[in-house]
Amino acid sequence: MKTNYLKSVILALAMVAMMLPAVAKATEPSKNKKSEAKSPATKIDLRSVKIKNVQFGFDRSAISAETYARLDKVVKLMADNNAAVKLSGHADNKGGYVYNWKLSQARANTVKEYMVSKGADSSRIASTEFGDTKPIASNKTKLGRQQNRRVEIEFVQ
2 MKTNYLKSVI LALAMVAMML PAVAKATEPS KNKKSEAKSP ATKIDLRSVK
52 IKNVQFGFDR SAISAETYAR LDKVVKLMAD NNAAVKLSGH ADNKGGYVYN
102 WKLSQARANT VKEYMVSKGA DSSRIASTEF GDTKPIASNK TKLGRQQNRR
152 VEIEFVQ
């Protein structure tokens, strides 16, 4: 009886010993983390991505045709990375304070509406208007005023 028991214990120990290398290999962490991090399914942090401002004509809130492709890329990045954006509408200093505030709001809304029409989730797009309160260039020149008529796009997550 003792010999049968000993044979069973030795056989069980031998089986465990043969399985140990396979178990150890299956549970060891991957040494190839660099290739895993670059897989296409990996999400990237877009907060440091700079996007060229959407520019507008004087007293206009319509998006120019050359801007569509850039906005399409933003929509794709949002979808691929489950990201959100913040739109900031701006105006130059021509016109009254309230008018410029509403114009900058209309510009931000136009960009948002276009992005939503291309499949962006509207709940992931925040917009704010600033009127003429945050110029990035001098309002004393035509070129400066043109640069101030804009919507800035910033990834927030």
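Numbering (this note's numbering), first residue to last: 2 to 158. For every residue, glycine included, the Cβ atom is placed at its ideal position computed from N, Cα and C. Keep in mind that this is a model prediction, so the values were computed, not measured.
Neighbour-count burial assignment, glycine 90, 16 or more Cβ in a 10 Å radius: Looking up residue 90 in the sequence shown gives position 89. The residue is buried, with at least 16 neighbouring Cβ atoms inside 10 Å.
Selection from Ala92, Glu155, Lys53 that minimises the alpha carbon distance to arginine 125: Along the sequence shown, read from residue 1 onward, the residue named residue 125 stands at position 124. It is Glu155.
DSSP bridge partner residues for phenylalanine 156 (one or two, in chain order): Residue mapping note: residue 156 aligns to position 155 of the sequence shown, counting from 1. Partner(s): Val86.
Start-to-end residues for the beta strand (DSSP E) that takes in alanine 127: Within the sequence shown, residue 127 is the residue found at index 126, counting from 1. Residues 126 to 130.
Serine 123 versus Gly132, Asn54, Val99, Thr111, residue with shortest Cα-Cα distance: Position 122 of the sequence shown, counted from the first residue, corresponds to residue 123. Taking only the C-alpha atoms, the option nearest serine 123 is Thr111.
Coil, strand or helix - valine 99 by DSSP: By one-based count along the sequence shown, residue 99 stands at place 98. Three-state DSSP puts valine 99 in a helix.
Simplified DSSP assignment, three categories, for arginine 146: The residue you call residue 146 lines up with position 145 of the sequence shown. DSSP places arginine 146 in helix when its eight states are reduced to three.
Option nearest leucine 88 by Cα separation, candidates Asn101, Asn94, Val55, Asn82: For the purposes of this step, residue 88 is identified with residue 87 of the sequence shown, where counting begins at 1. Of the listed residues, the one whose Cα sits closest to leucine 88 is Val55.
Backbone secondary structure at valine 50 - three-state DSSP: For the purposes of this step, residue 50 is taken as residue 49 along the sequence shown, with counting starting at 1. Note: valine 50 maps to coil in three-state DSSP.
Same chain only: Cβ atoms within 7 angstroms of arginine 146, ignoring 5 sequence neighbours per side: As a working note, residue 146 is residue 145 in the sequence shown. Same-chain partners within the cutoff: Asp93, Lys95, Asn140.
Straight-line Cα distance separating methionine 116 from aspartate 73: By one-based count along the sequence shown, residue 73 stands at place 72. By one-based count along the sequence shown, residue 116 stands at place 115. Approximately 7 angstroms, taken between the alpha carbons.
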